[in-house]
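Have a look at the structure below, then the notes.
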């Protein structure tokens, strides 16, 4: 049977057919769809864990009890999970455990471009890298078998281009093997990492690595395909696809298992080609490890170390060193029309619009631009940000975010700045899912340290940016079951915050009063801004319309950055197909001339 | 089973929220079941929120290709929005490229706040014609409004692609995929949209 599957869907199906029974993850582009696909099977357990560290620990627990488990996460998610990941690689796993980790070369939707292949070397675990959906599917059963055979977690590494590209997959079977009876057997030397037992593990770990290297020599997806012998290319993952398109005649050693490396296979291949090249994305991981085996090889001397690779980049780099002939033709372009950029923006009816407008106006931030580098001089507020759709508040017209580092960093960053004695009010902005992920410990720290910062929790009742996954605050499980919801307000009060305000995301007066009150307060405060994500809430029955006779084109409504509010030749108008209508009404509330009002959708269409 | 080039490189572009990914899946699945190797590259993540989005399809009788199309190597561009069509033409165009494009603009945030100009519609159209061997146009958004649902712009554009007869894509195959994709209550509207797309394209 053939199916057109994304890499992530193929990984999920591969894991399901390999008998995974427990799957955990925290959503993160480009890895999210792995757990989403697995959660559709009701004969396994799948959860959105609070964060990646917890996801890893839950998966380890399942493996200890003899059940195959899968953790899926993005490249920076493995940083969060790195403590239990390193632990799992030190101790024994018992049943198979696979970590499906998606890197993001080119930074399509991340805060960095780290190359997580280094984690395989750090943790001394085997690593597989599929180069398309078919391999993503096939590699999963190998990954679990390797994990069990060597009693070690297997790292399955993909990139955005593998995870999010679709290609045809030949699916072997439709059934998942029946569940084994879970059980746990007392063995403290394997499962309790007291120094006395951990010390014993290290000779085993080295021995295991030697055995894995021997296994890599026979791994069927470490494949040589002979072409012309003057050029031999060692490559893996999606880089293989590009390299093959640029050098269709060359000989290839395509590595499906990229750690540890198959030394003899590499030596043999190197000996039979005239010139040896490594083509890989990001760091010279393969290159340096192959060089360490005493093999002379080039690659990163001319292939870029940053950004995503593609056919054009490899071609250009290869021409620069004479691997391909020079050409002079340029792609046809007509640049006579300058094309405006189209960055992502908040949706019409987004519950973040009102709070960002409030922060922007109270913080005098709307006129901040790139050219005015020292934003702090211009604004009485410093706004530390976090990761989610709301990071878009950084952009014009709001300019309402000063920092964004990593998940949960807004609160610690704000406290650190405040403790320097800075003469500005510190406001941390964080989403509900991100707060659950790693904001809670930051808030505990801020309360304990007697911080005077304000934390704005944007409670849109979902993990929006990655495609609306549930989290502990929503009370719905990854598999759609009703479960216990964590009450944000109670949680915050329980930590010891007494100044807690819960406000309606679409009530401008409440928002303004809350922010003003918090700015004037000398104690730590939390504002929970509550409003359902626009993509999950039904549109209101009516649409806003602008009364052209009352409107004096002051343009304040345009400062909302709402894509429903449009500029015609002579007047402003609201696109009724986009407007969230009576669910939002923010533009109506801020219009100084009361020129915006509700009309039924039928009537508002007639007006256009 | 034949395609004019192997691999045949198709770009589908538009604005986040227009349903770009959905139709790349419909087209890809229909072609896969006809027997082609199909690879689709997608850009999504934060860019789905009103940003520029595009999918790349590579269709081959020989092997699985990588997902990305080299610069200047597209054979066909299906544009759900005219500015994005031109943006893709500048990147992937060549003298042999064929375009099938929606004429209805979606303004950019810069144009809305008067910081940038959105190009004049007729200028955009002229530039698209100039950079293409053949360019078909359809007012998909206008048709969708008449049908009472701007959400079907993407399906109208799939119809337009079938109507242009530039790719071995059969109406029945696409309809089958639509039955697999949409709730059956929405099929009447979507089948009508497909039909309108097929019948309304103009060179």
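Protein chains in written order, with our numbering: chain A, 1 to 608; chain U, 1001 to 1203.
Cβ atoms here follow ideal geometry from the backbone N, Cα and C, with glycine treated the same way.
Bear in mind that the values here come from a model prediction, so they are computed numbers and not experimental data.
Rounded to the nearest whole angstrom, the CA to CA distance from residue 564 of chain A to residue 152 of chain A is 53 Å. Where residue 445 of chain A is concerned, the enclosing alpha helix (DSSP H) starts and stops at 440-448. Nothing from the stretch 1167-1201 of chain U brings a Cβ to less than 8 Å from some Cβ of chain A. For the pair of segments examined, the stretch 1171-1185 of chain U was found not to touch the stretch 1137-1144 of chain U: the number of CB pairs separated by less than 8 Å stays below three. Within chain U, 1150 have C-beta atoms less than 7 Å from the C-beta of residue 577 of chain A, given in sequence order. Boundaries of the alpha helix (DSSP H) around residue 139 of chain A: 133-150.
Ranked by how close their Cα comes to the Cα of residue 28 of chain A, the residues A/317, A/407 and A/271 have A/407 in first place.
Nearest CB-CB separation between residue 1109 of chain U and chain A: below the 8 Å threshold.
Contact check for residue 560 of chain A and residue 587 of chain A: beta-carbon distance about 6 Å, within the 8 Å limit, so the pair qualifies. Non-local C-beta neighbours of residue 1163 of chain U in its own chain, meaning closer than 6 Å and more than five positions away in sequence, comprise 1198 and 1201, ordered along the chain. Sequence-ordered contacts of the stretch 242-266 of chain A with chain U read 242 and 245 [C-beta pairs closer than 7 Å]. Close CB contacts of residue 34 of chain A within its chain, under the 7 Å cut and outside five residues either way in sequence, are with 8, 11, 12, 25, 72 and 100 (chain order). Around the beta-carbon of residue 448 of chain A, fewer than 16 other beta-carbon atoms lie within 10 Å, marking it exposed.
Among the residues of chain U, those whose CB is under 8 Å from the CB of residue 238 of chain A are 1066 and 1067, following chain order. A Cβ-Cβ contact shorter than 8 Å links residue 599 of chain A with residue 542 of chain A. Close to residue 1112 of chain U, with beta-carbon spacing below 9 Å, are these residues of chain A in chain order: 558, 561, 562, 563, 565, 566 and 567. Beta-bridge pairing by DSSP links residue 1136 of chain U to U/1100. Chain-order list of chain U residues neighbouring residue 468 of chain A: empty, with the shortest C-beta distance near 11 Å, by a criterion of under 8 Å. If you draw a straight line from the Cα of residue 248 of chain A to the Cα of residue 1072 of chain U, it is about 19 Å long. Around the Cβ of residue 1005 of chain U, a 10 Å sphere holds fewer than 16 other Cβ atoms; the residue is exposed. If you look at residue 1126 of chain U, you'll find it isn't in any beta strand (DSSP E); it sits in the alpha helix (DSSP H) that goes 1121-1131.
Across the set U/1132, U/1082 and U/1054, the C-alpha of U/1054 shows the shortest separation from the C-alpha of residue 1020 of chain U. Taking each of A/288, A/86, A/349 and A/273 in turn and checking the Cα distance to residue 261 of chain A, the smallest one comes out for A/288. Here residue 121 of chain A carries a helix assignment [DSSP, helix/strand/coil]. Residues of the same chain with a CB within less than 7 Å of the CB of residue 366 of chain A, apart from the 5 flanking positions on each side, are 360, 397, 399 and 559 in chain order. Shown in chain order are the members of the stretch 299-314 of chain A whose Cβ falls below 7 Å from a Cβ of chain U: 310, 311 and 312.
If you draw a straight line from the Cα of residue 299 of chain A to the Cα of residue 79 of chain A, it comes to about 28 Å.
Taking C-beta atoms as the reference points, residue 265 of chain A and residue 278 of chain A fail to come closer than 8 Å. In the structure shown, the three-state DSSP call for residue 326 of chain A is coil. In the three-state reduction of the DSSP assignment, residue 166 of chain A falls in the strand class.
In the DSSP assignment, residue 483 of chain A falls outside any alpha helix (DSSP H), carrying neither H nor E. Beta-bridge partners assigned by DSSP to residue 25 of chain A: A/48 and A/72.
Using a Cβ distance threshold of 8 Å, residue 1028 of chain U and residue 511 of chain A do not count as a contacting pair.
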